[in-house]
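So the mapping is simple: our numbering equals the position in the sequence shown, first residue as 1, plus 385. Just so you know, even glycine gets a beta-carbon here, dropped at the ideal spot from N, CA and C. Here is the structure we will look at, set down as structure tokens.
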Amino acid sequence: MPTWSHSRISTYENCPLKFYYTYVEKPDVEEVLGDNIALVLGKSCHEALEWLYKELSFGREPSLDDAIDYYTQSWGKMWTPDVIIPRFDEKTWKKLGIRYLGDFYNRHSPFIEDRTVALERMVRLKIGKYSLIGYIDRVAEASPGHYKIIDYKTTKRLQGQDWFDSDRQLALYEIGLRQMFRDVEEVDLVWHMLHFNKEIVSRRTPGQLEQLKSDTIELISTIEAAEEYPAKVCGLCPWCSFQEICPKKKHERATTRMTVREFRRDEGVRVANKFVQTKLKLDEWGIKNADARKDVLAYSKQHDTSKVIGSKAAVAVSTMKRVSFDPKVEKLLKKEGLWEKYSKLDSAALVRELEGLDPKIRGKLVKLEETKESKAVRVVKK
Ligand code: SF4
386 MPTWSHSRIS TYENCPLKFY YTYVEKPDVE EVLGDNIALV LGKSCHEALE
436 WLYKELSFGR EPSLDDAIDY YTQSWGKMWT PDVIIPRFDE KTWKKLGIRY
486 LGDFYNRHSP FIEDRTVALE RMVRLKIGKY SLIGYIDRVA EASPGHYKII
536 DYKTTKRLQG QDWFDSDRQL ALYEIGLRQM FRDVEEVDLV WHMLHFNKEI
586 VSRRTPGQLE QLKSDTIELI STIEAAEEYP AKVCGLCPWC SFQEICPKKK
636 HERATTRMTV REFRRDEGVR VANKFVQTKL KLDEWGIKNA DARKDVLAYS
686 KQHDTSKVIG SKAAVAVSTM KRVSFDPKVE KLLKKEGLWE KYSKLDSAAL
736 VRELEGLDPK IRGKLVKLEE TKESKAVRVV KK
């Protein structure tokens, strides 16, 4: 049984396909993209702050310049030419980290508000039959029994207090901390939002922690039972290392690296353009775009891609599934005393409620189930 973590769970929530590529079957691809620059920024800031608090715990008090120097060295070691920079340039991103450190240092110097108990502390926790693991950036004690679980975030988006009050990551760490230390009475969950020079604090009640345990068990069982891992386009796509092979992103990714000549000659671009151009005209006359549609579907199938980029727009191909039942189901439902309820054989209702039926009946119904797939081809924004 694998060891779970907050990031493993949230990868699935954000995009099941990325979860599949990361944890189930690591794809054998020629080019998996390098780290993204946000990761380099985050790691360099984390390393500099870890170093700062390590020095402080030995009674030394490094200056801000020392901390920035450490940050710059970390950055240099982490930097490789294949780092993905979706916007701006390396210099701009690196300067951001220097600002974060300056703000943090000036806000907390002389660093006497609490006592550091651990840095980059690994927590293991047991929830039901599952083991989880996580790393806390800094554990501090404000007074005996009053702990702080501290996380540094370099994200450029500041969520509202509700988001922090329902965050799973630090609350899971609290469960781990309470399992690890006997003297824990109060716990503050603290986020240093470095981009905003803000400190956000949240607390959990024992009831909330119990609820989190059962929600987490349910979520992990759902992930374990998953048989399909659909791609889910989300805000994290530009940073995803699997764009090269993802059906929703691979053509887009390939076209960004083409020369104008290559782009014009690309088969995908050609079929997408044909579809977009003929669709506009044929729509006016109410005629289906059958020929261009066939080309797009063939290209999508051959290249395992669901978004084909054209010059002015893209074409998205999606698969729709419709489940229906064989007429024999009527006899079965009558025998099981369910005919009254479904006498009009509302397949959609039966599919919806299938999970809640007696497993024996469900098993028989499933054998009569038929899934029909149809393809939808739409013009979408690039
Ligand atoms: S590019 Fe986006 S949709 Fe594709 S696997 Fe990555 S996160 Fe998922």
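Residue i - DSSP class collapsed to helix/strand/coil
i	result
Leu579	helix
Arg678	helix
Lys634	coil
Trp464	coil
Glu505	strand
Arg500	strand
Val693	strand
Leu510	strand
Thr616	Per the sequence shown, residue 616 should be read as Ala rather than Thr. Here Ala616 sits in coil by DSSP.
Val569	coil
Ile469	strand
Ala611	coil
Ala639	helix
Ala698	coil
Leu742	coil
Gln596	helix
Leu667	helix
Tyr397	helix
Glu715	helix
Glu603	helix
Trp724	coil
Ser448	coil
Phe489	helix
Cys622	helix
Phe660	helix
Ser494	coil
Gln458	helix
Arg542	coil
Gln628	coil
Extent of the continuous alpha helix (DSSP H) to which residue i belongs
i	result
Gly561	554-565
Ile422	422-442
Trp548	546-550
Arg737	732-738
Glu647	645-650
Residues bridged to residue i (per DSSP)
i	result
Trp478	Per DSSP, none; premise fails for Trp478.
Phe710	Glu754
Trp389	Leu517
Met705	Ser759
Ser587	Leu574
Val764	Val700
Host beta strand (DSSP E) of residue i (start-end)
i	result
Ala527	515-528
Leu408	Per the sequence presented here, residue 408 reads as Tyr, with Leu not at that position. Element bounds for Tyr408: n/a, residue is neither H nor E.
Asp536	531-538
Any C-beta of chain D under 8 Å from that of residue i
i	result
Gly741	Among the chains of the structure shown, chain D does not appear; only one protein chain is present.
Heavy atom of the ligand ZN within 7 Å of residue i beta-carbon
i	result
His391	Ligands present in the displayed structure are limited to the ligand SF4, and the ligand ZN is not among them.
task = Indicate whether the contact test is met: 3 or more Cβ pairs, each with one atom in the segment 694-712 and one in the segment 732-749, closer than 8 Å.
result = The segment 694-712 is in contact with the segment 732-749.
task = Collect the residues with a C-beta less than 7 Å away from any heavy atom of the ligand SF4 and give them in sequence order along the chain.
result = Going down the chain, each residue whose beta-carbon is closer than 7 Å to a heavy atom of the ligand SF4 shows up: Asn399, Cys400, Leu402, Lys403, Tyr406, Ala616, Lys617, Val618, Cys619, Leu621, Cys622, Cys625, Phe627, Gln628, Cys631, Lys633, Lys634.
Given 8 Å, three or more beta-carbon pairs between the segment 563-575 and the segment 532-543 = Contact holds: three or more Cβ-Cβ distances are below 8 Å.
request  = Say whether the segment 479-495 touches the segment 424-436, bearing in mind that this needs 3 or more beta-carbon pairs closer than 8 Å, one atom from each stretch.
outcome  = Short answer: they touch.
query = Between the segment 688-696 and the segment 640-660, do at least 3 Cβ pairs fall closer than 8 Å?
reply = Contact between the segment 688-696 and the segment 640-660 is present, because at least three Cβ pairs lie under 8 Å.
task = Flag this pair as touching only if the segment 391-402 and the segment 605-617 have three or more C-beta atom pairs under 8 Å; answer yes or no.
result = With a cut-off of 8 Å, the segment 605-617 and the segment 391-402 count as touching, because enough Cβ pairs lie within range.
key: the segment 552-564 in contact with the segment 627-640 per 3-pair CB rule at 8 Å   = Judged by Cβ distances under 8 Å, the segment 552-564 makes no contact with the segment 627-640, as fewer than three pairs qualify.
ask   = When the Cβ atoms of the segment 520-529 are set against those of the segment 489-499, are three or more pairs found closer than 8 Å?
value = Look at the beta carbons and you see the segment 520-529 touching the segment 489-499: at least three pairs across the two are nearer than 8 Å.
ask   = Do the segment 505-512 and the segment 556-566 touch if we need at least three Cβ pairs shorter than 8 Å?
value = Enough Cβ pairs lie closer than 8 Å, so yes.
inquiry  = Counting beta carbon pairs with one atom in the segment 419-430 and one in the segment 580-590, are three or more of them shorter than 8 Å?
reply    = Proximity of the segment 580-590 to the segment 419-430 falls short of the contact definition, fewer than three beta-carbon pairs being nearer than 8 Å.
message = Three or more C-beta pairs under 8 Å: does that hold for the segment 510-520 against the segment 463-470?
response = By the C-beta criterion, the segment 510-520 is judged not to be in contact with the segment 463-470, since fewer than 3 inter-stretch pairs fall below 8 Å.
query = Counting Cβ pairs closer than 8 Å, one from the segment 399-409 and one from the segment 610-621, do we hit at least three?
reply = With a cut-off of 8 Å, the segment 610-621 and the segment 399-409 count as touching, because enough Cβ pairs lie within range.
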